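So the structure is just underneath, and the comments pick up after that.
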Amino acid sequence: MRVLGIETSCDETGVAVYDGGAGLLAHRLHSQVATHAGYGGVVPELASRDHVRRLMPLVQETLAAAGLAPGELDGIAYTRGPGLAGALLVGAAVARSLAWGLERPAIGVHHMEGHLLAPMLEPDPPSFPFVALLVSGGHSQLVLVADVGRYRLLGESVDDAAGEAFDKTAKLLGLPYPGGPELERLARKGTPGRLRFPRPMTDRPGLDLSFSGLKTAVLNTVREAGDDPRTRADIARAFQDAVVETLAIKCRRALEATGVPRLVVAGGVGANTALRERLAEVAARHGASVHYPRLAFCTDNGAMIAYAGHCRLAAGERQGPDFDVTPRWPLADLRPPGEASLA
Ligand code: ATP
Ligand code: MG
Ligand code: FE
């Protein structure tokens with residue numbers, strides 16, 4: 001079965017075709033970074049309008065790259081939520097129209113299910129069950145993944161997401177948007193250990209996370225220690241070390257608590273090299289394997305939506321003809337492919 005995947009939940013327009021036999025046939029991405037850079041963050045209305053402009057040309061480009069005519073698709077998958085309502089509606093409208101016109105089934109996919117299944121597109125996909133660390137712009141969660149659609153939330157951030165903390169801290173340090181990769185670059189120039197920030201919520205049991213206090217610690221340090229280039233690099237280093245160590249501690253606990261020897265790291269913060277290196281150490285010490293999507297599929301993309309949609313469409317799951325979006329949608333409400341979800 002060949003599935004077209006469409007991602008428009010935030011500031012990336014992503015399109016891909018996944019084939020159940022041959023794997024990923026093509027994928028294309030248009031990033032709106034330049035559109036939002038001047039505002040220091042994503043402007044929802046601008047995001048929706050840009051999806052409107054970009055989506056159909058990107059669909060055509062992706063089909064051409066896959067060497068397929070539209071009629072050779074067997075199903076259409078799109079991100080139904082969570083995300084920005086207006087942006088989601090663009091993808092939903094286009095996907096449902098294509099499905100209607102081509103007389104093919106459509107399926108609305110949970111964006112975070114897309115993220116956590118993204119490592120399945122790699123040569124060394126994890127087997128089930130696995131522990132997933134989802135660290136993105138809007139989410140920081142540890143999830144026990146028993147199988148596709150069987151998700152148990154082990155812990156999550158009680159305030160900011162990890163990516164959000166990276167972005168806000170980068171802003172405090174005067175770095176351009178989007179801040180995560182910029183902060184990582186600056187941290188490489190910092191002196192390890194000169195400054196130290198707390199590892200939030202690691203002194204008590206449990207798998208919940210918190211990152212808003214770190215942002216405050218950074219703000220106070222900028223005020224006290226100043227923001228000359230060397231200090232800024234040291235602050236970036238200390239911030240990244242704190243986030244990485246906190247996530248490492250929680251992942252170790254999750255592996256211990258579940259006894260599951262496989263860790264998946266997905267979402268944009270999973271692109272962070274320091275985090276990858278540290279989690280590789282943690283996993284090795286536990287005799288666990290660690291799996292990542294390729295860097296381009298850590299952040300938003302159409303491939304993960306095509307893959308997740310394929311899992312569900314191939315199991316016979318279908319959505320009715322009306323289209324709606326689900327801007328707020330807990331991952332634990334999902335059900336295995338073929339069973340109705342709670343949304
Ligand atoms: P969600 O998936 O929760 O809806 P999102 O789609 O906006 O949110 P992603 O696209 O998965 O999030 O990831 C974007 C986030 O990843 C941003 O917060 C960005 O700063 C962060 N990020 C990207 N690269 C890095 C990096 N190298 N180091 C740290 N953070 C990074
Ligand atoms: Mg994005
Ligand atoms: Fe995302």
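Residue numbers (UniProt numbering): 1 to 343.
The C-beta atom is built at its ideal place from N, Cα and C for all residues, glycine as well.
Predicted model only: the values in this text are computed from it and were never measured.
*asked:* So, with DSSP's three-state summary, where would you put S140?
replied: Here S140 sits in strand by DSSP.
*Boundaries (first-last residue) of the alpha helix (DSSP H) holding S212*: S212 to A225
_My output table needs one value for E12: the three-state DSSP class, helix, strand or coil._
In the structure shown, E12 sits in a strand (DSSP, three-state: E or B).
*Taking 9 Å as the cut-off, decide whether the C-beta atoms of A266 and H115 are in contact.*
yes
*S289 by DSSP, collapsed to three states: which one?*
strand
_H286 beta carbon less than 9 Å from that of V264_ = no
*Within its chain, find whatever has a CB closer than 6 Å to the CB of A95; leave out the 5 residues flanking it on each side and keep chain order.*
I6, I76, Y78 and A106, listed in sequence order.
*First and last residue of the uninterrupted beta strand (DSSP E) at T79*: G75 to G81
*Taking the alpha helix (DSSP H) that Y307 falls in, what are its first and last residues?*
G302 to A314
_The beta strand (DSSP E) enclosing residue 374, as first and last residue numbers_ = Nothing about residue 374 can be reported from this structure: the residues present for the chain run from 1 to 343 only.
_Between A187, L68, R335 and K171, which has its C-alpha nearest Y18's C-alpha?_
Out of A187, L68, R335 and K171, L68 has the C-alpha closest to the C-alpha of Y18.
*Cβ contact check for the stretch 177-192 and the stretch 267-276: 3 or more pairs under 8 Å*: yes
*What number of angstroms, rounded off, separates the C-alpha of D147 from the C-alpha of A165?*
Cα-Cα distance, rounded: 30 Å.
*Identify every residue that forms a DSSP beta bridge with E256.*
Under DSSP, E256 takes part in no beta bridge, so it has no partner.
*Cα-Cα separation, L175 to G40*: 10 Å
*Would you mind reading off the limits of the alpha helix (DSSP H) that contains G180?*
G179 to A187
*Please look up how many angstroms separate the CB atoms of L195 and T221, rounded, as I've assumed it's under 8 Å.*
6 Å
_Extent of the continuous alpha helix (DSSP H) run through residue 362_ = Absent from the structure is residue 362, since the part of the chain shown begins at 1 and ends at 343.
_R300 CB to nearest heavy atom of ligand 3 below 8 Å_ = As written in the sequence, residue 300 is Asp, which differs from the Arg given in the question. Checking the Cβ of D300 against ligand 3 gives yes.
*Which whole-angstrom value describes the C-beta separation of L4 and L73, a residue pair presumed to lie in contact below a C-beta threshold of 8 Å?*
5 Å
*From W329 to R230, what distance separates their C-alpha atoms?*
42 Å
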